[in-house]
């Protein structure tokens with residue numbers, strides 16, 4: 001169990017409203033825990049709204065000068081995207097042993113304290129990226145070992161004493177500056193290879209490929225495709241939109257959530273994967289048609305309960321075997 005945990009979001013002007021709403025949701029469903037929003041370039045008007053919405057429970061910190069002083073080249077991404085990679089250098093985080101990071105498009109349904117207090121035997125706690133079970137191209141793009149699993153970096157728990165001792169975030173920054181594929185997320189996966197523990201999959205239920213898991217079962221819903229505030233919020237459940245509307249109702253951001261979710265279309269097109277995969281000779285679609293999110297989640301939930309490190313050869317774990325990949329589990 002963590003001795004002193006905290007959580008944080010990071011955002012620029014574009015994502016700051018959604019980071020504030022996500023943080024407000026964390027406070028509403030969680031026990032006492034300190035929170036932070038690390039921001040760059042946010043307007044005075046939005047900062048005032050954020051302060052009013054979150055109060056003293058969440059500190060909103062301007063890290064613009066801190067990040068600019070690092071002379072880090074963000075490439076085609078925004079500099080704010082890389083804020084989480086500097087958690088080991090931020091003075092505000094020195095008192096905390098477990099630090100939970102979440103993307104601004106993550107909505108929590110369960111107390112983040114439960115996640116922060118997970119027993120950690122490794123530097124990082126992360127959820128297997130379930131897309132990898134039917135799309136293994138990342139193994140050709142990233143300098144990782146054969147059969148290496150990949151995690152999604154939208155929800156992470158850093159075991160800071162171990163991270164600092166092993167210099168893992170420093171290594172991540174070096175890899176990101178070298179333009180490792182997928183930049184920040186790819187760099188994290190390479191730097192933390194063999195050093196991450198399996199997170200219960202319900203803490204990061206992504207809407208692109210885990211729509212089979214209902215919203216009310218997710219500990220945290222990650223809107224990795226359509227966003228609740230987008231023009232076409234495909235994959236966003238009506239329950240989620242209702243929560244966002246409630247969170248934003250007394251703010252200038254309420255109008256961002258006026259549209260209705262369109263999740264039926266996505267579910268329908270998923271049913272066509274087997275047919276379109278056969279007609280187009282698309283291996284990814286064929287394999288995706290066999291994917292059972294509930295079954296895979298049950299496997300990794302057991303791994304999380306047993307405090308297991310990430311398991312290699314995810315095709316074997318998910319019941320989908322690749323002819324090109326060795327299938328013996330680690």
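Residue numbers (UniProt numbering): 1 to 330.
Glycine included, each C-beta is placed from N, C-alpha and C at the ideal position.
If you're wondering where the values come from, they're calculated on a predicted model, not measured in any experiment.
Requested in this report: Taking residue 157 and residue 116 to be in contact with their CB atoms under 8 Å, please state how far apart those CB atoms are, rounded to whole angstroms.
Outcome: 7 Å
Query raised in the report: At what residues does the beta strand (DSSP E) containing residue 303 begin and finish?
Result: Run containing residue 303: none in the beta strand (DSSP E); it sits in the alpha helix (DSSP H), 293 to 305.
Query raised in the report: Okay, do the stretch 243 to 260 and the stretch 144 to 155 touch, 3+ Cβ pairs below 8 Å being the bar?
Result: no
Query raised in the report: Between the stretch 92 to 103 and the stretch 3 to 14, are three or more C-beta pairs nearer than 8 Å?
Result: yes
Query - Beta-carbon proximity check, residue 253 vs residue 17, cutoff 8 Å - result: yes
Report task. Have a look at the DSSP bridge pairing and note the partners of residue 59. Result -> 36
Query raised in the report: How would you label residue 200, buried or exposed, when you count the other beta carbons within 10 angstroms and need 16 or more for buried?
Result: buried
**Report entry** Spatial neighbours of residue 79 in its chain, beta-carbon cut-off 6 Å, leaving aside the 5 residues before and after
**Finding:** 67
Query raised in the report: Are the Cβ atoms of residue 196 and residue 301 separated by less than 8 Å?
Result: no
**Report entry** Among 145, 24 and 23, the one whose alpha carbon lies nearest that of residue 311
**Finding:** 145
Query raised in the report: Could one say the Cβ of residue 56 lies closer than 8 Å to chain B's Cβ atoms, at least one of them?
Result: Reference to chain B is not applicable here, since this structure consists of a single protein chain.
Query raised in the report: Closest to residue 219 by CA distance: which of 45, 33, 48 and 113 is it?
Result: 113
Query - Counted within 10 angstroms of its Cβ, other Cβ atoms place residue 123 as buried (16 or more) or exposed - result: buried
Query raised in the report: Grouping DSSP H, G and I as helix and E and B as strand, with all else coil, what is residue 102?
Result: strand
Query raised in the report: Just the Cα atoms here: how many angstroms apart are residue 216 and residue 42?
Result: 33 Å
Query raised in the report: Do the CB positions of residue 164 and residue 97 come within less than 8 Å of each other?
Result: no
Query raised in the report: If you count every other CB in all the chains shown that lies within 10 Å of the CB of residue 50, and 16 or more means buried, which is it?
Result: buried
Query - Assigned exposure category for residue 231 - 16 Cβ within 10 Å defines buried - result: exposed
Query - Closest residue to residue 69 among 56, 33, 83 and 238 (Cα-Cα distance) - result: 83
Query - Three-state class that DSSP yields for residue 13 in the structure shown - result: coil
Query raised in the report: Per DSSP, what kind of secondary structure is residue 154 in: helix, strand or coil?
Result: strand
Report task. Figure out for me which residue from 100, 46, 226 and 141 has the closest Cα to the Cα of residue 21. Result -> 46
Query raised in the report: CA-CA distance, residue 181 and residue 102?
Result: 21 Å
Query raised in the report: To the nearest whole angstrom, what separates the beta carbons of residue 25 and residue 247, a pair I think is in contact under 8 Å?
Result: 6 Å
Requested in this report: Please say whether residue 59 and residue 40 have beta carbons closer to each other than 8 Å?
Outcome: no
Query raised in the report: Can you list, in chain order, the stretches of the alpha helix (DSSP H) that have 4 or more residues and sit fully within the stretch 146 to 200?
Result: 160 to 166, 168 to 177 and 183 to 191
Query raised in the report: Taking just the CA atoms, how far does residue 132 sit from residue 265?
Result: Note that residue 265 scores 45 on pLDDT, short of 50, meaning its location in the model is unreliable; the coordinates nonetheless yield the value given after this. Cα to Cα, residue 265 sits roughly 23 Å from residue 132.
Query raised in the report: How would you call residue 173, buried or exposed, if buried means at least 16 neighbouring beta carbons within 10 angstroms?
Result: buried
Requested in this report: With DSSP as the reference, please indicate the residues paired to residue 128 in a beta bridge.
Outcome: 151
**Report entry** From 294, 309 and 207, residue whose alpha carbon lies closest to that of residue 106
**Finding:** 207
Query raised in the report: Quick one, are the C-beta atoms of residue 104 and residue 19 less than 8 Å apart?
Result: yes
Query raised in the report: Hey, quick one: how far does the alpha helix (DSSP H) through residue 52 stretch, first residue to last?
Result: 44 to 54
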